[in-house]
Amino acid sequence: MNKHGTYVRKPEWLKIRLNTNQDYRGIKQLMRTERLHTVCEEAKCPNIHECWATRRTATFMILGDVCTRGCRFCAVKTGRPTELDLREPERVADSVVKMRLRHVVVTAVARDDLKDGGAYVFAETIRAIRRKAPYCTIEVLPSDMKGDDESILTLMNAKPDIFDHNIETVRRLTKRVRAIATYDRSLAVLKRVKELSPNTPVKSSIMVGLGETKEEIVETMDDLLANHVDIMVIGQYLQPTRKHLDVVRYYAPEEFAELKEIALAKGFKHCEAGPLARSSYHADEQVGEDSRRRHDLLIQQEENENGTE
């Protein structure tokens, strides 16, 4: 809904092409069989058909499917979680092997009911994937874990290939858009991760279309760069249901292209910007050089072994 109180119609160029081929159906069946959740489904990601059917990538959502926070942009269920399955890391790793993923994103609902915010399960999931699929690069997308340093250290000791935490929106709109999380605490988490692991790419994302100004987007870029963020993602906010925040306006592809140019000129190493860009979109293209070399070496070893059988 815009400032005049009328709903903003979705433009024709934002319509999504569905692809429910055998790869898509196979991944969906595997998720149900293994009792796993994906943010692709829970958050109604617009890229699910491209990722599952074409790129064969998925973002696993661990720690259950009930979030302790009620952010006004998010479609994930909110309430009091009851699920904590310590066998989940092994099931995720087994699924990575079955899907033959080369890059995996692991995210989670916010678990403010847990002292460490779920950091231990994140770390165990990373380690399980490393054991069973050493060729696979791993990106993590946790909540701010309330900024707890011990929790951040627990997660980073497992050595993910990319750390991603989303600031979601500009400073002025944070209180209206997010629940519990704060703009400055998100920046502090991103900075702390870079201090702990200087060679790990650090990423953050924002949604546009919530009423922010171009100047505020640029200010957010500067804040992220000042806290050592390497990669920025800029995507269009899409209202999941009528109960969620209204879309104030839709950005045109040309505007996303301009924002990407600004981000790269300012010094980000990589920027994904587009109507359907999301945190994990094309994430496999964003791993650091050390991780890419390890990945390519292990892939070559696997191919050599298969070729000699």
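In the numbering used here, the protein residues as written are 10 to 318. No residue lacks a Cβ here, since even glycine has one placed at the ideal position from N, Cα and C.
Asked                                                                                                : Found
Ile156 versus Tyr260: straight-line alpha-carbon distance, rounded                                   : Looking at the sequence provided, one finds Gly at residue 156 rather than Ile. For Gly156 and Tyr260, the distance between alpha carbons rounds to 32 angstroms.
Boundaries of the beta strand (DSSP E) in which Asp173 is found, first to last residue               : 171-173
Alpha carbon of Thr116 to alpha carbon of Pro151, nearest angstrom                                   : 6 angstroms
Whole-angstrom C-beta distance between Asp239 and Lys278, which should lie under 8 angstroms         : 5 angstroms
CB of Asp170 within 7 angstroms of CB of Lys212, strictly                                            : no
Nearest neighbour of Arg96, chosen from Met108, Val130, Val105 [CA to CA]                            : Val130
Cα-Cα separation, Gly79 to Ile215                                                                    : 18 angstroms
Terminal residues of the beta strand (DSSP E) in which Phe69 lies                                    : 68-71
Cutoff 7 angstroms; reference Thr91; Cβ partners in own chain excluding five residues on either side : none
Distance between His237 and Arg111 (C-alpha atoms, nearest Å)                                        : 27 angstroms
Straight-line gap, Ile271 to Leu93 (C-alpha atoms, nearest Å)                                        : 42 angstroms
Residues near Ala190 in its chain [Cβ-Cβ closer than 6 angstroms; skip 5 each side]                  : Asp153
Glu264: first and last residue of the uninterrupted alpha helix (DSSP H) it sits in                  : 262-275
Val149 versus Val202 - alpha carbon distance                                                         : 12 angstroms
Same chain, Cβ closer than 7 angstroms to Val227, five either side skipped, listed in chain order    : Ile271
Residue(s) in a DSSP beta bridge with Val179                                                         : Paired residues: none, contrary to the question.
Same chain, Cβ closer than 8 angstroms to Asp125, neighbours up to 5 away in sequence not counted    : Met154, Asp157, Glu159, Ser160, Thr163
Within 7 angstroms, strictly: CB atoms of Pro284 and Gln245                                          : yes
Rounded Cβ spacing between Val101 and Ala142 (contact assumed at less than 8 angstroms)              : Their Cβ separation, rounded to whole angstroms, is 10 angstroms, which puts Val101 and Ala142 out of contact at 8 angstroms.
Option nearest Phe82 by Cα separation, candidates Arg187, Arg287, Gly220                             : Arg187
For Val106, the first and last residue of its enclosing alpha helix (DSSP H)                         : 97-108
Which listed residue (Met108, Val118, Leu72) has its alpha carbon closest to that of Lys84           : Sequence inspection shows Ala at residue 84; the Lys mentioned does not correspond to that position. Ranking the options by Cα distance to Ala84, first place goes to Val118.
Reduced DSSP secondary structure (H/G/I, E/B, other) of Leu3                                         : Residue 3 is absent from the structure shown; the chain starts at 10 and stops at 318.
Lys19 versus Lys223: straight-line alpha-carbon distance, rounded                                    : 20 angstroms
Contact set for His253: own chain, Cβ-Cβ below 8 angstroms, skip 5 residues either direction         : Arg81, Phe82, Cys83, Ala84
Helix, strand or coil at Val114 [DSSP, three-state]                                                  : strand
Buried versus exposed, by CB contacts within 10 Å (16 or more), Thr229                               : buried
Arg139 versus Ala128, Leu123, Val113, residue with shortest Cα-Cα distance                           : Val113
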